[in-house]
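Numbering (mature numbering (1 follows the signal peptide of the UniProt record, and there is no 0)), first residue to last: -18 to -1, 1 to 401.
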């Protein structure tokens, strides 16, 4: 009796699992409106923002994740997504220049960095960090969004990105932090940014202007004198750097325009595959569990029937039938297990097919020639390589314009009266 009861208990989950289904409909997260600043701020107190190209998130993947991630696509997304965030931030009118930058170490009033944790056309997950020039953290959190099939329909695709809600949420959260700043704090952030840039190009000449506190944040300890020629020259260097990065925005815009059609198609296909993979994996798990349960039930039945040899002929016939049923249950369970494993193989084939789509995105990235006011710079290699070459040119410009110029006498003043 005990074994028969166990048989009933294990057969019930098998029936329930094989009869279940998985919904393939995911509602798009409502797209929040971009918040507007509560007050107008003077232009000289607007904070400039640098959004570094994202970390594609492909370095620390485990074996299972590697099968689901396509490096060509992720590298393209790492360049594409910062532009979407920049557009969302610019819509508020609350910032100065909002630039996509290739260097995560670039000095800006506010630097935003991101890592792509998951992206498959149906689900996007980003880890976002934002710090101001002082080193103070504004934001450090993970954002998630889900798209729906409607987001990839032709009538909807031109209106907003399938994950526009994610970018708008980030933009609104950053604005909420900025809203808490007074004019004094804004001015301090911009000054810290300026002095850090100066120290980067001339550590000796600008030593003593900044220190780090116990939290590792920059604190202005002294101010340059008004009209300091060293700082004026550094200012011109920074203007050239900003001009270069502004010109680079044309590259990013061109890249976004070129990449969007194939990327949107990839996301559309990936969305369908992601939904189907979820169903396949869920069905595979259900069938494997059901199969294992049926095998276990068959073993119980087989064991129960063979446990003793009754003398009554009718009882022996009943036990033989039970043994046969147990054998069928074992074989049927094995078939379910095999079916589940085959579906896992199907999933792998679909993943391999999707990787071919990612190849076309990588082909869109080509070297560019950037025309500046006084020269043309041939950019070779990756965007990061090209920016590194520009930094070397800036160092040459600095040496030419500043040379061995020493700080002017009295160029340093106490900061306590002016900050």
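By construction, the Cβ of each residue, glycine as well, lies at the ideal position given by its N, Cα and C atoms.
For clarity, every value in this text was computed on a predicted model and none was experimentally measured.
- Per DSSP, residue 114 lies in no alpha helix (DSSP H); the unbroken beta strand (DSSP E) holding it starts and ends at 105 to 114.
- The criterion of a C-beta distance shorter than 7 Å is not satisfied by residue 82 and residue 60.
- Contact check for residue 57 against residue 117 fails: the beta carbons are separated by 7 Å or more.
- Beta-carbon to beta-carbon, residue 156 and residue 71 are separated by about 7 Å, close enough to satisfy the 8 Å threshold.
- Looking at the DSSP output, residue 34 bridges to 83.
- Take residue 201, set aside five residues on each side of it, and the residues of its chain with a beta-carbon closer than 6 Å to its own are 193 and 195, in chain order.
- In this structure, residue 125 keeps its C-beta atom at 7 Å or more from the C-beta atom of residue 102.
- Per DSSP, residue 59 is one residue of the alpha helix (DSSP H) stretching across 53 to 72.
- Apart from sequence neighbours up to five positions away, the residues of its chain that approach residue 179 with a beta-carbon distance below 6 Å are 89 and 220, ordered along the chain.
- Contact between residue 98 and residue 37 holds, since their C-beta atoms are separated by about 7 Å, short of 8 Å.
- Annotation for residue 157: no beta strand (DSSP E) segment contains it, though the alpha helix (DSSP H) segment containing it runs 146 to 160.
- From the listed residues 143, 232 and 44, the smallest Cα separation to residue 243 is found for 143.
- If you draw a straight line from the Cα of residue 121 to the Cα of residue 107, it comes to about 16 Å.
- Proximity of the segment 169 to 184 to the segment 214 to 229 meets the contact definition, three or more beta-carbon pairs being nearer than 8 Å.
- Just so you know, the alpha carbons of residue 174 and residue 29 end up roughly 12 Å apart.
- Annotation: the continuous beta strand (DSSP E) that includes residue 123 extends over 119 to 128.
- Within the same chain, and ignoring the five residues on either side of residue 379 in sequence, the residues whose Cβ sits closer than 8 Å to its Cβ are 219 and 222.
- Less than 7 Å separates the beta-carbon of residue 115 from that of residue 171.
- Counting along the chain, the unbroken alpha helix (DSSP H) around residue 173 starts and ends at 165 to 183.
- Annotated three-state conformation of residue 255 is helix, per DSSP.
- Residue 161 is a Cβ neighbour of residue 20, given a cutoff of 7 Å.
- Assigned with DSSP and collapsed to three states, residue 200 falls in strand.
- Where residue 98 is concerned, the enclosing beta strand (DSSP E) starts and stops at 92 to 101.
- In the displayed model, residue 193 falls within a strand according to three-state DSSP.
- Distance between residue 214 and residue 189, taken at the CA atoms: about 16 Å.
- The closest CA to that of residue 252, considering only 66, 91 and 104, is found on 104.
- Shown here for residue 191: same chain residues with a beta carbon closer than 6 Å to its own, the five before and five after excluded, namely 177 and 204 in chain order.
- Only exposed fits residue 360, as fewer than 16 other CB atoms lie within 10 angstroms of its CB.
- Our two residues, residue 366 and residue 85, have alpha carbons roughly 6 Å apart in a direct line.
- In the three-state reduction of the DSSP assignment, residue 351 falls in the strand class, which pools E and B.
- Per DSSP, reduced to three states, the secondary structure at residue 360 is strand.
- Residue 29 carries a coil assignment under DSSP once its states are collapsed to helix, strand and coil.
- Its Cα nearest to that of residue 15, the residue 146 stands out among 146, 25, 225 and 50.
- Here the alpha carbon of residue 239 sits roughly 23 Å from the alpha carbon of residue 358.
- With contacts defined as CB atoms closer than 7 Å, residue 66 and residue 149 qualify as a contacting pair.
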